[in-house]
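Chemist: Count along the sequence shown from 1, then add 3; that gives the number in our numbering.
Sharing a structure below in structure tokens format, with a few things to ask.
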Amino acid sequence: MEIKSEARLTFAEATSIIIGHGVGAGILSVPFIASRNSLADLIWIMVLVYCINLLLHLMIAELSLHNGGAQFIKCFENDLFIGRGRKLLTLAAFVLLGLSVVINVSGFITGGGAVLVSWLGLPAWAAMAIFYIAAAAVVFFGMKLVGICEKLAVLSMAAVIGILVVAGVRSGAAGFEGNRVAWTNVMALYSMVSFSLSAVMSVPQVVKGLDGDRRRITQAIATGTGINLALVAVITFITLYSVGNEITENGALVDLSSKLGGWVSVVGYLFSLLALATSFWANTLNLRDVFAEQTGLSNRKSWLVTSLPCLIIALLGLTSFVGFSRLAGAVQVLTGVGVIAAYHHARKRTQSSPICGKLGTLPFQIIVVLGSLAATAGSLLKIL
């Protein structure tokens with residue numbers, strides 16, 4: 004199908020959108036869970052998660068390619084919701100997926116505001132408003148600027164991590180025993196690494212931005228996911244090396260600040276703001292496109308309608324509701340399973356597999372679904 008896109012992305016910009024969507028709070032949470040497992044567990048889990056997540060992202064890319072670069076809801080409408088009740092199911096999926104992303108984005112605004120409050124001492128409402136205005140302005144100007152800003156942010160985060168690595172190595176080893184406490188911790192680690200590498204909703208942006216070029220799409224997804232895996236590994240290993248068994252649930256940067264000195268907190272503020280901003284850009288761009296596809300509104304009107312509620316929810320503090328968070332998680336699981344079902348139908352409908360080939364056949368589809376369910380189960384287990 005013909006690919007229609009508002010802009011064309013370079014390979015670096017497309018790769019950075021995948022990285023920017025994935026990098027975030029999950030990466031900073033991996034070291035604590037890793038400290039409750041062995042190093043061998045950490046290594047094999049990272050390899051396994053990378054392979055399964057790469058398959059998932061490539062299947063999504065092929066599904067989107069079969070539908071002209073469409074986002075999830077349009078793909079569901081064409082290849083999942085078939086027969087009577089199609090419009091009603093599409094509307095339900097649109098509302099649930101939209102609500103899930105809005106909740107996630109409002110969480111990014113809350114997190115960005117909290118960083119500015121801690122760093123600059125601003126009132127909470129002003130800090131959240133400043134973060135929203137600065138981040139949302141990038142998406143207002145469209146996909147091309149998002150790609151450029153994602154690229155610059157990724158380079159900046161890489162520099163920040165480089166500073167942390169040098170400081171950690173110079174501080175010396177703290178000693179890490181690396182004993183697995185319980186098998187449930189293995190599942191929890193699998194879940195968190197999987198979450199850290201997930202950029203599923205940004206894949207259609209890559210398909211459109213690279214004009215449906217299957218070779219460059221595959222390379223961008225594989226490279227972006229691989230760089231995210233490298234970021235997870237570097238932050239985890241330097242935290243284990245520098246902090247040892249004293250890692251807490253407060254996040255890697257908090258523990259490193261305590262160990263290496265107060266100056267690391269400034270580096271941590273920068274990394275956190277960049278990570279939250281990249282996730283905000285990717286998610287709001289995706290939600291804007293989903294809304295525009297379903298309503299026919301212009302991109303800028305769709306941007307306003309989808310991003311402004313996120314700020315309102317953040318200012319009202321509604322993101323703290325446990326029920327909303329559980330709903331968002333449940334929707335993401337259903338979306339993951341639905342994507343594979345839609346992919347299965349699209350593959351049969353078109354009788355072609357330009358991206359996945361044999362790696363997109365039924366056995367691999369089952370592996371991806373099982374991996375998604377395992378990640379969900381792991382997120383519900385208590386870490387011992």
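The beta-carbon is built from N, C-alpha and C at its ideal position, and this holds for glycine as well.
Can you grab the Cα-Cα spacing for the pair R39 / I250, in whole Å?
Modeler: Looking at the two C-alpha atoms, the distance is approximately 10 Å.
Chemist: Name the two residues that bound the continuous alpha helix (DSSP H) containing D214.
Modeler: No alpha helix (DSSP H) holds D214; DSSP gives it neither H nor E.
Chemist: Where are the alpha helix (DSSP H) runs, 4 residues long or more, that stay fully inside the region 262-302, in chain order?
Modeler: You should have 266-298.
Chemist: Under 8 Å, do F148 and A130 count as touching if we go by C-beta distance?
Modeler: As written in the sequence, residue 148 is Leu, which differs from the Phe given in the question. The answer is no: Cβ separation not under 8 Å.
Chemist: Give the DSSP-derived three-state secondary structure of C152 in the structure shown.
Modeler: It is helical.
Chemist: Three-state secondary structure (DSSP) at V26?
Modeler: Note: V26 maps to coil in three-state DSSP.
Chemist: May I ask you to report which of helix, strand or coil DSSP gives E180?
Modeler: If DSSP states are grouped into helix, strand and coil, E180 belongs with coil.
Chemist: Measure the C-alpha to C-alpha separation of A218 and I343 and round it to an integer number of angstroms.
Modeler: According to the sequence as given, residue 218 is Arg; it is not Ala. Whole-angstrom Cα-Cα distance: 21 Å.
Chemist: Would you mind reading off the limits of the alpha helix (DSSP H) that contains T379?
Modeler: Residues 365-383.
Chemist: Does the count of Cβ pairs from the region 202-209 and the region 55-71 closer than 8 Å reach three?
Modeler: Flag = yes, the region 202-209 and the region 55-71 touch.
Chemist: Looking only at its chain, what residues have a beta carbon closer than 7 Å to the beta carbon of E180, apart from the 5 residues adjacent to it on each side?
Modeler: N248.
Chemist: Report the three-state DSSP secondary structure of F324 (helix, strand or coil).
Modeler: Residue placement at F324 is flagged as unreliable, the pLDDT there being 40, under the threshold of 50; the coordinate-derived value follows with that caveat. Coil at F324, not helix or strand.
Chemist: So, using beta-carbon positions, are V157 and A64 closer together than 8 Å?
Modeler: Their beta carbons are not under 8 Å apart, which means V157 does not touch A64 by this criterion.
Chemist: Among residues of its own chain, excluding the 5 on either side of L277, which ones have a beta-carbon nearer than 6 Å to its beta-carbon?
Modeler: Closer than 6 Å at the Cβ level, and outside the excluded window around L277, lie A156, S159, M160.
Chemist: Hey, how far is the Cα of G374 from the Cα of G341?
Modeler: The straight-line gap from Cα to Cα measures roughly 14 Å.
Chemist: Measuring CA to CA, which of S356, V196, G215 is closest to A233?
Modeler: Closest option to A233, Cα to Cα, is V196.
Chemist: Which one of V270, I106, S305, I85 has the shortest CA to CA distance from R352?
Modeler: It is I85.
Chemist: Compare the beta carbon distance of P312 and V33 with 8 Å and say whether it is the shorter of the two.
Modeler: No, the pair does not count as a contact, with Cβ atoms beyond the cut-off.
Chemist: When DSSP labels each residue in this structure, what does L102 get in the three-state scheme?
Modeler: In this structure, L102 counts as helix in the three-state DSSP scheme.
Chemist: What span of residues does the alpha helix (DSSP H) with C54 cover, start to end?
Modeler: 42-69 is the extent of the alpha helix (DSSP H) around C54.
Chemist: By how many angstroms is the C-alpha of L94 removed from the C-alpha of G88?
Modeler: Each residue's alpha carbon lies about 10 Å from the other.
Chemist: Excluding the five sequence neighbours on either side, which residues of its own chain have a C-beta within less than 7 Å of the C-beta of L83, listed in chain order?
Modeler: Here the set comprises G341, A344, A345, H348.
Chemist: Nearest to N56 by CA position, among I386, L384, L362, is which residue?
Modeler: With distances taken between Cα atoms, N56 lies closest to L362.
Chemist: Return the Cβ separation of T338 and L100 in integer angstroms, given the expectation that the two are a contact with Cβ distance under 8 Å.
Modeler: Contact flag correct, Cβ pair sits at about 6 Å.
Chemist: Take I370 and list the residues in its own chain whose beta-carbon comes closer than 8 Å to its own, dropping the five residues that flank it on each side.
Modeler: Correct list, in chain order: I55, L58.
Chemist: Compute the distance between the beta-carbons of K7 and E296, then report whether it is under 8 Å.
Modeler: Not a contact, by the Cβ cut-off of 8 Å.
Chemist: Where do the N-terminal and C-terminal ends of the alpha helix (DSSP H) with T13 fall, by residue?
Modeler: Segment: none, T13 is in no alpha helix (DSSP H) and carries neither H nor E.
Chemist: CA-CA distance, L123 and G171?
Modeler: Whole-angstrom Cα-Cα distance: 26 Å.
Chemist: Take T281 as the anchor and find which of S19, G271, E80, T239 has the nearest alpha-carbon.
Modeler: Nearest option by C-alpha distance: S19.
Chemist: Give the single residue among L259, Q74, I112, Q208 whose Cα lies nearest to the Cα of E153.
Modeler: The shortest C-alpha separation from E153 is found at Q208.
Chemist: Quick check on W47: buried or exposed, where buried means 16 or more other Cβ atoms within 10 Å of its Cβ?
Modeler: Exposed: under 16 other Cβ atoms inside 10 Å.
Chemist: Who are the Cβ neighbours of T239 in its own chain at under 8 Å, not counting the five residues just before and after it?
Modeler: Around T239: V33, P34, A37, L45, A255.
Chemist: So, are the CB atoms of M3 and G381 less than 8 Å apart?
Modeler: Residue 3 lies beyond the stretch modelled for the chain, which goes from 4 to 387, so this question has no answer here.
Chemist: Assuming A17 and G145 form a contact by the criterion Cβ under 8 Å, report the distance between their Cβ atoms to the nearest whole angstrom.
Modeler: A17 to G145, Cβ: 15 Å. No contact.
Chemist: I'd like the list of long-range same chain contacts for A15, defined as Cβ closer than 6 Å, with 5 residues on each side in sequence excluded.
Modeler: Here the set comprises K154.
Chemist: Quick one: measure Cβ to Cβ for A317 and I112, integer angstroms, because I've assumed they're closer than 8 Å.
Modeler: Contact holds; Cβ gap of about 4 Å.
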